[in-house]
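As you go down the protein sequences, you meet chains A and D in turn. For the first sequence, the working numbering assigns the number 7 to the initial residue and increments by one for each residue that follows. For the second sequence, the working numbering assigns the number 7 to the initial residue and increments by one for each residue that follows. Glycine included, each C-beta is placed from N, C-alpha and C at the ideal position. The structure displayed is predicted, hence computed values, not measured ones.
Number of protein chains: 2
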Amino acid sequence: MPMDLSEINFRHQVDGEKLVIGIAQDYQTREVLMVAYLNRDALELTLKTGKAHYWSTSRKKIWLKGESSGHLQEVKEIRVDCDADSLLLKIKQKGAACHEGYYSCFFREVDSDPDFALKIIKKKVFEPKKIYGE
Amino acid sequence: MPMDLSEINFRHQVDGEKLVIGIAQDYQTREVLMVAYLNRDALELTLKTGKAHYWSTSRKKIWLKGESSGHLQEVKEIRVDCDADSLLLKIKQKGAACHEGYYSCFFREVDSDPDFALKIIKKKVFEPKKIYGE
Numbered sequence: 007m008p009m010d011l012s013e014i015n016f017r018h019q020v021d022g023e024k025l026v027i028g029i030a031q032d033y034q035t036r037e038v039l040m041v042a043y044l045n046r047d048a049l050e051l052t053l054k055t056g057k058a059h060y061w062s063t064s065r066k067k068i069w070l071k072g073e074s075s076g077h078l079q080e081v082k083e084i085r086v087d088c089d090a091d092s093l094l095l096k097i098k099q100k101g102a103a104c105h106e107g108y109y110s111c112f113f114r115e116v117d118s119d120p121d122f123a124l125k126i127i128k129k130k131v132f133e134p135k136k137i138y139g140e
Numbered sequence: 007m008p009m010d011l012s013e014i015n016f017r018h019q020v021d022g023e024k025l026v027i028g029i030a031q032d033y034q035t036r037e038v039l040m041v042a043y044l045n046r047d048a049l050e051l052t053l054k055t056g057k058a059h060y061w062s063t064s065r066k067k068i069w070l071k072g073e074s075s076g077h078l079q080e081v082k083e084i085r086v087d088c089d090a091d092s093l094l095l096k097i098k099q100k101g102a103a104c105h106e107g108y109y110s111c112f113f114r115e116v117d118s119d120p121d122f123a124l125k126i127i128k129k130k131v132f133e134p135k136k137i138y139g140e
């Protein structure tokens, strides 16, 4: 039986693909780890497998998070916002979420003093070259 | 002096407007409250005033969060992701973030048993009619 996802509003469009915004959040610490888009198939695969799948707007294909790094995201719960066009994925992160080696992709902050430059405020948890190659 | 926001990548587009995704998170409890877009002017206003401003894709204008409800968001910190196209706003929320009366817009979950319907899992903290009128 196909899933009834008619309540979900895939209103965001990139190159004609209909998408929802997906936010991955550590289900225990509540740290926000990354943001990516999901199309309907990515959401179905996520629900069926319990592993986060996203839509890659650059590669134009579905992407199992961690397929090359092994850094899979086990989905514990999915929350939906009032417009039903954004999802909050409460996940258990294997390894780290960011391909640059940080646990969270939000490893920089806007530093107002003096010039609103971006400042790295986290430490790497893995070395990208060792996971993805040179 | 104009702010140097050249590192920020306003790559998301809705009706030609260049945008970044903004996630508002309670700076203390880490609860994710809402998602909206910011254009460059909304980000500048947010940085200048310390109050979250977004770009309304439906009204096609900048919107001070809380301008009609009084439910302002005081911005404590702004994190930037690896692609610099999404911002995490660590905020102190006055009242509630959701216009439907919930503290967070993510007040529903996808309920896998039995049919992936959306289920309300939070309680309202205000009655929308009292704030916005009928």
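Residues of the stretch 111 to 126 of chain D with a C-beta atom less than 9 angstroms from some C-beta of chain A are 111, 112, 113, 114, 115, 116, 118, 121, 122, 123 and 124, listed in chain order. When DSSP states are grouped into helix, strand and coil, residue 126/D belongs to the strand group. By the neighbour-count criterion, in which 16 or more other beta carbons inside 10 Å mark a residue as buried, residue 12/D falls on the exposed side. Residues of the stretch 29 to 57 of chain A with a Cβ closer than 8 angstroms to any Cβ of chain D, in chain order: 29, 31, 35, 36, 37, 38, 40, 41 and 53.
Around the beta-carbon of residue 138/A, fewer than 16 other beta-carbon atoms lie within 10 Å, marking it exposed. For the stretch 70 to 96 of chain A, residues whose beta-carbon sits nearer than 7 angstroms to a beta-carbon of chain D comprise 83, 84, 85, 86, 87, 88, 92 and 94. Look at the beta carbons and you see the stretch 81 to 94 of chain D touching the stretch 23 to 40 of chain D: at least three pairs across the two are nearer than 8 angstroms. Comparing C-alpha distances from residue 124/D to each of 113/D, 14/D and 93/D shows the shortest one belongs to 113/D. In its chain, beyond the 5 residues on either side, 91 have a beta carbon closer than 6 angstroms to the beta carbon of residue 17/D. Looking from the CA of residue 95/A, the closest CA among 121/A, 128/A and 27/A belongs to 27/A. Put simply, the CB of residue 11/A is near chain D, with a gap under 8 angstroms to one of its CB atoms.
In the structure shown, the three-state DSSP call for residue 58/D is coil.
The beta carbon of residue 133/D does not come within 8 angstroms of any beta carbon belonging to chain A, so the residue lies off that interface.
The stretch 41 to 49 of chain D and the stretch 43 to 58 of chain A do not touch, with fewer than three beta-carbon pairs separated by less than 8 angstroms.
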